[in-house]
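So the protein sequences, as listed, match chains A and B. All residue numbers for the first sequence refer to UniProt numbering, where the first residue is 1 and numbers rise by one. All residue numbers for the second sequence refer to UniProt numbering, where the first residue is 1 and numbers rise by one. Remarks on the structure that follows.
2 protein chains.
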Amino acid sequence: MRRIEIGGASPYAVTVGAGLLDTLQIRERQVALIHPDDLPRTFVERVQAAVSPVVTISVPARDACKTLEVMAGVLSQLAQVALPRDGAVVGLGGGAATDLAGFVAASYLRGVAFYTLPTTLLGMVDAAVGGKTGVNLPEGKNLVGAFWPPTAVWCDTDTLETLPTEVFREGAAEAFKHGLIQDPSLLPRVLAPEFRPGGALLADTIADAIAVKAGVVTRDLTERGERAFLNFGHTLAHALEGVTHHAVPHGEAVGYGMHYAARVSRALGGADLTPDTLAFLRWQRPAPLPALRYEDVAPFMARDKKADSDGVRFVLLHELAHPYLTRVPGDVLREEFASWAQDVAALSRGQAGGPTG
Amino acid sequence: MRRIEIGGASPYAVTVGAGLLDTLQIRERQVALIHPDDLPRTFVERVQAAVSPVVTISVPARDACKTLEVMAGVLSQLAQVALPRDGAVVGLGGGAATDLAGFVAASYLRGVAFYTLPTTLLGMVDAAVGGKTGVNLPEGKNLVGAFWPPTAVWCDTDTLETLPTEVFREGAAEAFKHGLIQDPSLLPRVLAPEFRPGGALLADTIADAIAVKAGVVTRDLTERGERAFLNFGHTLAHALEGVTHHAVPHGEAVGYGMHYAARVSRALGGADLTPDTLAFLRWQRPAPLPALRYEDVAPFMARDKKADSDGVRFVLLHELAHPYLTRVPGDVLREEFASWAQDVAALSRGQAGGPTG
């Protein structure tokens, strides 16, 4: 079992290991449990046995739960059972459900305690750490939310064994990203055969990937500086999600987006990291994208949270583990988009022809 | 012109005076202006001239704007104009509109700068100070929101001159409450003839009432202690609003609620402050209440934010300016409710017979 401390004004710990769902301890007496409706029933029952929730709320799976409408229904259920301000919200499931649960916890009675039990690789490596919570708007992803650090995070690696392979590989994008921006030792490990549910490299690789984010978040709790580096690959990723109405899963969008950011980095004089990002895409085998023009994604990139009054800012890499934040000229964005689209099309053709990884 | 400093982690100042709408200075370049649709057009135009908003959003008047549905529409409008994270939200209007605008500012892109320009007495004395923002649920008032301190608050006393008399008197409840819990010099001033729009006592009385809240909030920014005293009279007030679906205006509900809290205080051995709370009600002349049984309001009191796992907590007064927080036995609540209802009915009969103040 590994334990990673997150610092800042509201410190907490992330615990990574097997069998954690059965050993939860929650200080608050009244607890609301929120989980996606496609979660294996046994996970829900194990948590119910451990914390005896006063209400268990099932929400739509994946991003379908991340709407203000779903949130309104969940909040009403909390009010109907009169969950008190010294109660707690427990989010069990993937990153979408825990993002929603966190924003519910942040907003109900102006804030109650929040616990996260991520059951996907993406949820463990990304969504569970950092205090970001929120929902989507029709206009774009994660445009509404709050910074609301959890009281504790438990990553039970047993829960990954029921994940479909493509969902596990989707989630590896964030671990690979943490390798690119800070800990290169993660790159070969993420691509290794033993990085799989039940595999020998699983728990330590997850814990080390979490540790990258934990360090960044501890040093920068409100995203004024270093924390923005965690968005490497995310500007195009959010645009791909927005333009396809979330048909592209987040981790696959990040895989595609990292390759675009690697291309833009190289175009602005950085080291060539495109072999790494292509190797990851070959390993991840994301679903092919629909045909997209630059004009389709550009408005979504301009609306990204990293945009300010002066234009679109990008996280780029000087070289491995040396990220920086910069404004990128529109002509570079457009040109690299065309080349990126060719790379992606070639990748899809290769996959259609059979395994390439 | 009076300036009141609010301390804490995010300090800011409240400025009280005439003509402030024309002299606003906002650091952020892109500003969204939110106001209720019944606000005098000239107020909106003066603020537009001062800050050149990129979007001006009109929302339903009073509590009709404090819903998650209205909030979703406002957030979408901000996303459609791509208000950047270094932009700002300006809330102009009564406490309901500024509560909504503040929660929008707290949530959009996980938080942008917020400015408040209250145009009602209630908004100036109560809603504009303390960083409480939020909306209602069908289950009760202010059950969703965030603590989100503004960057600055401007109280232009000229805006009170267009307020209907009954709305001005409604808002005086919070100023009177600040007198009861901390600054007894406010009590005779609130009831004096020169406390009226354009009157000689107006600006200083408002500023002194704000100063009470400013002091409390500065000392206790997350409502773990002293800040709860600001809820004197509010447990029944929120129940009256809930059971009547907000037909009772907040300030009138607080007027009624203060008298109930004064009764309960006396029943538990405190000084008799019911002559003061009755004098205020005679001055305020609230609309008569519908017939209510204790069973009608009790569930709403149990759902109040001050309720925790151990029951309903009340703010009571040992004597003038000596508030305390305690749990009240249910039989006392029930008995005093019956007596309170008699007082209130007598008051309404007196008013029906002609002016009593």
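Think of the CB as a built atom: it goes at the ideal place given N, C-alpha and C, for glycine as much as any other residue. Since this is a predicted model, take the numbers as computed values, not measurements.
The DSSP-derived three-state label of residue 88 (chain B) is strand. If only uninterrupted alpha helix (DSSP H) runs of at least 4 residues are considered, those enclosed by the UniProt domain "3-dehydroquinate synthase N-terminal" (57–169) of chain A are 68–80 and 95–107.
Residue 134 (chain B) belongs to the set of residues whose beta carbon lies under 8 Å from a beta carbon in chain A. Residue ranges of uninterrupted alpha helix (DSSP H) with 4 or more members, entirely inside the UniProt domain "3-dehydroquinate synthase C-terminal" (171–307) of chain A and ordered along the chain, are 186–191, 202–219, 234–243, 250–267, 274–284 and 294–302. Counting only Cβ-Cβ distances below 7 Å, residue 139 (chain A) has contacts in chain B at 76, 79 and 80, in chain order. At least one CB of chain A lies nearer than 8 Å to the CB of residue 108 (chain B). One finds 110 and 111 in chain B with Cβ atoms closer than 9 Å to the Cβ of residue 147 (chain A), taken in chain order. The three-state reading of DSSP puts residue 49 (chain A) in helix, counting H, G and I together.
Look at residue 39 (chain B) here: in three-state DSSP terms it is coil, with no helix or strand label.
A Cβ-Cβ separation of about 19 Å leaves residue 179 (chain B) out of contact with residue 120 (chain B) under the 8 Å criterion. Annotation for residue 241 (chain A): 141, 248, 250 and 253 place their beta carbon closer than 7 Å to its own, counting only its chain and skipping 5 residues before and after. Residue 76 (chain A) and residue 55 (chain A) have their C-alpha atoms roughly 12 Å apart. According to the DSSP secondary-structure assignment, residue 34 (chain B) is paired through a beta bridge with B:57 and B:91. Listed along chain B is no residue with a C-beta nearer than 7 Å to that of residue 321 (chain A); the closest approach is about 26 Å. By a beta-carbon distance limit of 8 Å, residue 47 (chain B) does not contact residue 206 (chain B). Their separation comes to about 20 Å. For residue 138 (chain B), the closest alpha carbon among the candidates A:72, A:115, A:3 and A:279 is that of A:72. In the three-state reduction of the DSSP assignment, residue 28 (chain A) falls in the coil class, being assigned neither a helical nor a strand state. Exposed is the label assigned to residue 287 (chain A), since fewer than 16 other Cβ atoms lie within 10 Å of its Cβ. Here residue 12 (chain B) really is in contact with residue 151 (chain B); their C-beta atoms are around 6 Å apart, less than 8 Å. Between residue 129 (chain A) and residue 66 (chain A), the gap from beta carbon to beta carbon reaches 8 Å or more.
Judged by their CB atoms, residue 61 (chain A) and residue 36 (chain A) are nearer to each other than the 8 Å cut-off. Straight-line spacing of the CA atoms in residue 23 (chain A) and residue 114 (chain A) works out to 17 Å.
In this structure, DSSP gives residue 320 (chain B) a state outside helix and strand, which the three-state scheme calls coil. Ranking A:43, A:277, A:280 and A:281 by CA distance to the CA of residue 161 (chain A) puts A:43 first.
Closest by C-alpha distance to residue 289 (chain B), out of B:342, B:184, B:271 and B:181, is B:342. For residue 15 (chain B), the enclosing beta strand (DSSP E) starts and ends at 12–17.
Taking each of A:49, A:201, A:99 and A:94 in turn and checking the Cα distance to residue 164 (chain A), the smallest one comes out for A:94. For the pair of segments examined, the region 335–349 of chain A was found not to touch the region 178–195 of chain B: the number of CB pairs separated by less than 8 Å stays below three. Chain A places no beta carbon closer than 8 Å to that of residue 70 (chain B), leaving this residue out of the contacts. Taking all protein chains shown into account, residue 30 (chain A) has 16 or more neighbouring C-beta atoms within 10 Å of its C-beta and is therefore buried.
In the structure shown, residue 312 (chain B) falls within a coil segment according to DSSP collapsed to helix, strand and coil. For residue 144 (chain A), a Cβ of chain B is located within less than 8 Å of the residue's own Cβ. Flagged as an interface residue toward chain B: residue 302 (chain A), by a C-beta distance shorter than 8 Å. Note that the region 260–267 of chain A touches the region 228–242 of chain A; at least 3 beta-carbon pairs, one per stretch, sit closer than 8 Å.
Within the model, the alpha-carbon separation for residue 217 (chain A) versus residue 6 (chain A) is close to 7 Å.
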